[in-house]
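Worksheet: the structure to be examined is printed underneath.
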Ligand code: ADP
Ligand code: MG
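Residue numbers (the numbering used here): 6 to 243.
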């Protein structure tokens, strides 16, 4: 069974239908990348899964359960934002704990999950710092930690590396791949960067103009591009 399934979903902004009848499935533990140029619908599609945009028509199934009408907090997915959205006045520990406190989890359970996330992310020693005392890469890890503690069915990333400098972007990308291996989590990752997609993805969903051009492994889309657009975009001049 797919961990996440979109069935014929559509979405309009005002009178303009941007997402038209899209279907796709993400398997348990799979790393799926939504790849496409700016304005191709990557963020809108991800935000529809997260519950940050409404789904006008069609179904969203998470772990087999229909979720298209549920508020974000009830969907069992965790979004990691590009700008980290950390609370500057809170420690790393409290930033990670915040979402769990909001849903009334017991403090002892919260502490255990935060300690676990600290270990997974190799941030044990930094839990009592504030965001201003961290590097960009460390802040990014806190944002991921906030998702890890929720133990979600899937992690959703929207261009998480685009604020980092080139060297750190590569290092964080490698760390993310290792994290995916270690916790065997289902991940959906939005980027316009072909290299990120080719190196991270089990499967790539290539979007153009809010339509799916092709879904396949990095090797498949590179070797057998389904359209001229895909061939141009994934960089095999053929
Ligand atoms: P991407 O993330 O691939 O850059 P988006 O999902 O942000 O693309 O945008 C897809 C399309 O939807 C674009 O044409 C964009 O202008 C439009 N769009 C996105 N958000 C809104 C909004 N809140 N109101 C109106 N149009 C929007
Ligand atoms: Mg976007």
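In this text, a Cβ means the ideal position worked out from N, Cα and C, and glycines have one as well. Fair warning: this is a prediction, and the values are worked out from it, not measured in the lab.
Near the ligand ADP: residue i beta-carbon under 6 Å from a heavy atom
{"i": "residue 167", "result": "no"}
Classification of residue i by the beta-carbon crowding that lies within 10 angstroms, buried from 16 upward
{"i": "residue 130", "result": "exposed"}
{"i": "residue 224", "result": "exposed"}
{"i": "residue 94", "result": "exposed"}
{"i": "residue 18", "result": "exposed"}
{"i": "residue 35", "result": "buried"}
{"i": "residue 194", "result": "buried"}
{"i": "residue 240", "result": "exposed"}
{"i": "residue 73", "result": "buried"}
{"i": "residue 92", "result": "exposed"}
{"i": "residue 119", "result": "buried"}
{"i": "residue 112", "result": "exposed"}
{"i": "residue 16", "result": "buried"}
Nonlocal neighbours in the same chain, by C-beta distance under 7 Å from residue i, ignoring five residues either side
{"i": "residue 87", "result": "163, 164, 165, 167, 168"}
{"i": "residue 185", "result": "36, 192"}
{"i": "residue 226", "result": "209, 211, 219, 235, 239"}
{"i": "residue 206", "result": "36, 37, 38, 223"}
Close Cβ partners of residue i (< 6 Å) along its chain, the five nearest in sequence each way excluded
{"i": "residue 142", "result": "173, 177"}
{"i": "residue 12", "result": "28, 63, 64"}
{"i": "residue 30", "result": "7, 10"}
{"i": "residue 69", "result": "6"}
Within 7 Å, strictly: CB atoms of residue i and residue j
{"i": "residue 160", "j": "residue 192", "result": "yes"}
{"i": "residue 32", "j": "residue 55", "result": "no"}
{"i": "residue 181", "j": "residue 41", "result": "no"}
{"i": "residue 154", "j": "residue 110", "result": "no"}
{"i": "residue 152", "j": "residue 97", "result": "no"}
{"i": "residue 81", "j": "residue 157", "result": "yes"}
{"i": "residue 149", "j": "residue 67", "result": "no"}
{"i": "residue 215", "j": "residue 23", "result": "yes"}
Close beta carbons around residue i, own chain, < 8 Å, minus the five adjacent residues each side
{"i": "residue 133", "result": "96, 97, 98"}
Heavy atoms of the ligand ADP versus C-beta positions, residues under 6 Å: The set of residues whose C-beta lies within less than 6 Å of a heavy atom of the ligand ADP reads, in chain order, 18, 23, 41, 43, 44, 45, 46, 47, 48, 49, 215.
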